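For our numbering, add 508 to where a residue sits in the sequence shown, where the first one is 1.
Note that CB positions come from ideal geometry on N, CA and C, so glycine has one too.
Bear in mind that the values here come from a model prediction, so they are computed numbers and not experimental data.
Data block below; observations after.
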Amino acid sequence: MNIRDGEGNVVSLGSDEQGDKIYALSVKGERGMVHRLVESFQSIYNIPEDELNLVDSGVRDNLYLLAGRLLCGSRFLAPLGYSLAAAGIKKIYGRLAELVHDVKTVRSNLP
């Protein structure tokens, strides 16, 4: 899935093991604005704080991902692009796995 093409649009990713709905949003620039907007809507519509968890992955494209993305569009350089993209994913995978573990741990400790 490429949520970058729909930057600024909320994309449904389905549900987790507990049945909670999961959404993704790709933004550039001021990431703090998303938090402020969500908090504003929660206040306006009286949505309880524990009903919505906003998790910032903090993951940005690294050079491997950027180069891989660029080269994948070329007929002759696509194999190199795939290799670079895979290396970029491997580079951030540990942080993403740790983030998922932390979020699951916090969620399992909630009442």
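When the Cα atoms are used, what is the spatial distance from ALA575 to TYR553?
-> Looking at the two C-alpha atoms, the distance is approximately 43 Å.
The stretch 603 to 614 touching the stretch 574 to 588, judged by at least three CB pairs closer than 8 Å = The stretch 603 to 614 vs the stretch 574 to 588: no contact.
Exposure of GLY596, with buried meaning 16 or more beta-carbon neighbours within 10 Å = Per the 10 Å Cβ criterion, buried.
How many Å lie between SER591 and SER551 at the Cα?
-> SER591 and SER551: Cα-Cα distance of roughly 46 Å.
State yes or no: is the C-beta of ALA532 within less than 7 Å of the C-beta of LEU521?
-> Their beta carbons are under 7 Å apart, which means ALA532 touches LEU521 by this criterion.
Helix, strand or coil at VAL519 [DSSP, three-state] | DSSP, read as helix, strand or coil, puts VAL519 in strand.
Paired residues, beta bridge with LYS529 - DSSP = As DSSP reads the structure, LYS529 sits in a beta bridge with SER523.
Exposure of ALA594, with buried meaning 16 or more beta-carbon neighbours within 10 Å = Burial call: exposed.
Run through the stretch 537 to 606 for me and flag every whole alpha helix (DSSP H) of 4 or more residues, listed as ranges in chain order.
-> Counting only runs that start and end inside the stretch 537 to 606, the alpha helix (DSSP H) elements of at least 4 residues fall at 540 to 552, 571 to 580.
Smallest Cα separation from ILE600: which of GLY589, LEU562, ASP569, VAL611?
-> Cα-wise, what sits closest to ILE600 is ASP569.
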